[in-house]
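The block underneath contains the structure these notes are about, expressed in structure tokens.
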Amino acid sequence: MSDAIEMVKVRVLPDGRMAREDAARYLGLGSKTLAMWALQGKGPRSVKVGGRVFYFREVLDGFVRGDPATSL
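Residue numbering for the sequence shown follows this note's numbering, beginning at 289 and increasing consecutively.
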């Protein structure tokens, strides 16, 4: 068995934002899953900039850890 960690390539903007597609890849999910979670009022917090949805890396990390402050 290999205990290797799979590296995932995502685009992170200088301020730590990721587009929904990159955030989904970072979490190992589909972008539609994040979109549906947002409609249902759950999942990681996001921000809208110019009509596009972004997620901050630190928010995604907190969401994975179960930090309630990072969820909707």
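Think of the CB as a built atom: it goes at the ideal place given N, C-alpha and C, for glycine as much as any other residue.
Look at the beta carbons and you see the region 345–354 touching the region 295–312: at least three pairs across the two are nearer than 8 Å. In this structure R308 is in contact with L322, their Cβ atoms being roughly 5 Å apart against a cut-off of 8 Å. For A311, the uninterrupted alpha helix (DSSP H) run begins and ends at R308 to L315, by DSSP. By the CB criterion at 8 Å, L360 and G339 fall outside the cutoff. Taking all protein chains in view, the Cβ of P356 is surrounded by fewer than 16 other Cβ atoms within 10 Å, so the residue is classified as exposed.
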